[in-house]
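Be aware that the sequence shown starts at 43, since it is given in the numbering used here, and climbs by one per residue.
Yeah, the Cβ is synthetic: ideal placement off N, Cα and C, and Gly gets one too.
Below: one structure, written as structure tokens.
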Amino acid sequence: MKKTLSIFLSIVLAMTSCVFAISASADDSKYTFDKNTKTITITGVSTVSASLFDDFEKVYGNAVNNSSDESASTSPSGDAYSAVENICLEKGVQTVEKNAFADFSNLKNLIVYNPYCSLAPEGILASVNRVAIYTFDVNNSTVKDYAEKRDDIDSKSIYSITFTVNGKSTTVNALEGETAKELAEKAPEFPFEAYHSHKNDVDTYYKWSPELTDVSASASYKAVLSSKVACQHIEKVVKEATCQEEGRVQVICAVTGNVLGENVISKKPHNFDNNAEYCANGCGTKNPNYKAPVNPSQPVVPSTAPATSTTTSTTQAASPATSTIVAAAPTANAKKVDGVWVDRKLKKASISKLKKGKKSIKATWKKVSKIKGYQIQVATDKKFKKNKKTVTVSKQKTTKTTIKKLKAKKKYYVRIRTYKNAKYNGKTVKVYSSWSKVKTIKTK
Numbered sequence: 043m044k045k046t047l048s049i050f051l052s053i054v055l056a057m058t059s060c061v062f063a064i065s066a067s068a069d070d071s072k073y074t075f076d077k078n079t080k081t082i083t084i085t086g087v088s089t090v091s092a093s094l095f096d097d098f099e100k101v102y103g104n105a106v107n108n109s110s111d112e113s114a115s116t117s118p119s120g121d122a123y124s125a126v127e128n129i130c131l132e133k134g135v136q137t138v139e140k141n142a143f144a145d146f147s148n149l150k151n152l153i154v155y156n157p158y159c160s161l162a163p164e165g166i167l168a169s170v171n172r173v174a175i176y177t178f179d180v181n182n183s184t185v186k187d188y189a190e191k192r193d194d195i196d197s198k199s200i201y202s203i204t205f206t207v208n209g210k211s212t213t214v215n216a217l218e219g220e221t222a223k224e225l226a227e228k229a230p231e232f233p234f235e236a237y238h239s240h241k242n243d244v245d246t247y248y249k250w251s252p253e254l255t256d257v258s259a260s261a262s263y264k265a266v267l268s269s270k271v272a273c274q275h276i277e278k279v280v281k282e283a284t285c286q287e288e289g290r291v292q293v294i295c296a297v298t299g300n301v302l303g304e305n306v307i308s309k310k311p312h313n314f315d316n317n318a319e320y321c322a323n324g325c326g327t328k329n330p331n332y333k334a335p336v337n338p339s340q341p342v343v344p345s346t347a348p349a350t351s352t353t354t355s356t357t358q359a360a361s362p363a364t365s366t367i368v369a370a371a372p373t374a375n376a377k378k379v380d381g382v383w384v385d386r387k388l389k390k391a392s393i394s395k396l397k398k399g400k401k402s403i404k405a406t407w408k409k410v411s412k413i414k415g416y417q418i419q420v421a422t423d424k425k426f427k428k429n430k431k432t433v434t435v436s437k438q439k440t441t442k443t444t445i446k447k448l449k450a451k452k453k454y455y456v457r458i459r460t461y462k463n464a465k466y467n468g469k470t471v472k473v474y475s476s477w478s479k480v481k482t483i484k485t486k
């Protein structure tokens, strides 16, 4: 009997230790990695440190670099760390310690679902990175505040988007800048726009009300059924033709926005009007028929040689030769900068006040004399490359304007310059001053 009991207890202890081992292994699973989307998702911890990823190469190295899936990217340097482009922190993550993600040299996006997560002030990323940090735009957000104070980070928002169809609703988290089609993939059970095709211009389809283009704020969208709507073809130039390259124009359905096709725009001919030495379109091609300007010649002096005839003759002086002199620039100090004429000695304008509105900015400036008008430019980056919008004011006495259709709750950089009209090779062209100092403001 004792022997039987001893065997039974041994079996129970063995089973207990086995269960404990399995549980311990499960507790160690603090994150997952999807090699196809190149995304790490962290769920099982409240504090993230660099040591969390000590076994990352060991666990995922072979899966990343020896994948049989041709669509899955391998890491460029052969290590699993460099294959990661996105890290997602679920709501349970409370703290991210110093250098937590320093090993991920190709990280592009950090998605933080807890807006009050504490991020180490010394830095959490690899020094070579320029990373976008996404989080919910709420009051006193520590993550938003952290991102906006660092020059090497782009601060972006997570929005809550609700879809409703026939009384059934679902809410998904959307990243700032995601398109309507990308959003639809997050809620596949909800019908999205059934695009018209060039084979069938009359169709029944769902469209969202209000209209859904790209994500710029939290919103609710309701699907409305439309039927027998003719597709209206419009053309949209996606690349302007130049003297050196062909352009492209898309054929689009105006009802649904579906791209139906694409056509080529022929190259522009060179512009050598008025004996211009180089093509006026700015391609740098020299005019093969260019003739250098000739200065007016001096009047011909009558010959002083004695007449060979007794008949008195009258010698007529030759008329001065004439030629067309081509101007080198529309004004004395003008130079071509980014395809337009800029005269650094032209009077500059300066912004005196910026007022934020809902997806708009009202700019006020001081009036400048002896100019034709003003050009105001806004963008979401210092180099004026991202989300750039330009407004021209053609009256010299006007000192304010409103730039509309901007992104909500977004920081914008604003600058202004003056311009005047000048004659150049028989045409009227705009000559701009230098840009003013840049000011910033955040839209509502």
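Have a look at the options and flag the residue whose alpha-carbon is nearest the alpha-carbon of residue i.
| i | options | result |
| --- | --- | --- |
| Pro252 | Lys228, Ile203 and Lys281 | Ile203 |
| Val279 | Val301, Gln286 and Ala259 | Val301 |
| Lys414 | Val456, Ile84 and Val473 | Val473 |
| Ala391 | Ile418, Ser402 and Ser91 | Ile418 |
| Gln292 | Glu282, Ala283 and Glu277 | Glu277 |
| Ile403 | Gly381, Ala421, Thr444 and Ala374 | Thr444 |
| Ile307 | Gly289, Asp315, Ala296 and Tyr320 | Gly289 |
| Ser93 | Thr406, Tyr73, Asn78 and Thr79 | Tyr73 |
| Tyr201 | Ala189, Ser211, Arg192 and Asn215 | Asn215 |
| Glu287 | Ser262, Cys325 and Gln274 | Cys325 |
| Asn463 | Ala371, Pro335 and Lys447 | Ala371 |
| Lys446 | Thr485, Ala174, Arg459 and Asn467 | Thr485 |
| Asp315 | Thr422, Ala222 and Tyr466 | Tyr466 |
| Pro311 | Glu304, Ala296 and Thr327 | Thr327 |
| Thr206 | Ala229, Asp193 and Thr184 | Ala229 |
| His275 | Ser262, Glu282, Cys295 and Lys281 | Cys295 |
| Leu225 | Ser262, Asp193 and Ile195 | Ser262 |
| Gln136 | Ser91, Asn104, Lys425 and Asp96 | Ser91 |
Please report the distance separating the alpha-carbon of residue i from that of residue j.
| i | j | result |
| --- | --- | --- |
| Ala142 | Trp383 | 49 Å |
| Phe75 | Tyr102 | 8 Å |
| Ser147 | Ala376 | 45 Å |
| Lys453 | Leu217 | 17 Å |
| Lys264 | Gly209 | 9 Å |
| Ala450 | Glu132 | 25 Å |
| Lys439 | Val471 | 21 Å |
| Ser260 | Thr212 | 13 Å |
| Ala66 | Leu152 | Low confidence applies to Ala66: its pLDDT is 30, below 50, so where it sits in the model is not reliable, and the reading given next is rough at best. For Ala66 and Leu152, the distance between alpha carbons rounds to 29 Å. |
| Lys191 | Leu448 | 22 Å |
| Ser478 | Tyr155 | 39 Å |
| Lys309 | Gly381 | 17 Å |
Can the beta-carbon of residue i be found closer than 8 Å to that of residue j?
| i | j | result |
| --- | --- | --- |
| Thr81 | Cys159 | no |
| Val257 | Gly299 | no |
| Asn331 | Ala318 | no |
| Ala144 | Leu167 | yes |
| Ala125 | Glu99 | no |
| Lys389 | Thr460 | yes |
| Thr441 | Lys408 | yes |
| Ala189 | Lys150 | no |
Keeping to the same chain, check which residues put their C-beta closer than 6 Å to that of residue i; ignore five residues upstream and five downstream.
| i | result |
| --- | --- |
| Ala322 | Asn313 |
| Lys469 | none |
| Ser436 | Gly415 |
| Asp385 | Thr373, Asn375, Ala376 and Val473 |
Skipping 5 residues on each side, what residues in its chain have a beta carbon closer than 8 Å to that of residue i?
| i | result |
| --- | --- |
| Lys481 | Ile393, Leu396, Tyr455, Val456 and Arg457 |
| Thr79 | Asn128 |
| Arg172 | Asp194, Ile195 and Asp196 |
Tell me which same chain residues have a C-beta within less than 7 Å of the C-beta of residue i, skipping the five on either side of it?
| i | result |
| --- | --- |
| Glu164 | Lys140 |
| Lys186 | Pro157, Thr177, Asp179 and Ser197 |
| Gly134 | Thr85 and Ser88 |
| Lys333 | Asn317 |
| Glu282 | Gly289 |
Between residue i and chain C, is any beta-carbon pair separated by less than 8 Å?
| i | result |
| --- | --- |
| Lys431 | Of the chains in the structure shown, none is chain C; there is only one protein chain. |
(message) Counting beta carbon pairs with one atom in the region 383 to 397 and one in the region 425 to 436, are three or more of them shorter than 8 Å?
(response) no
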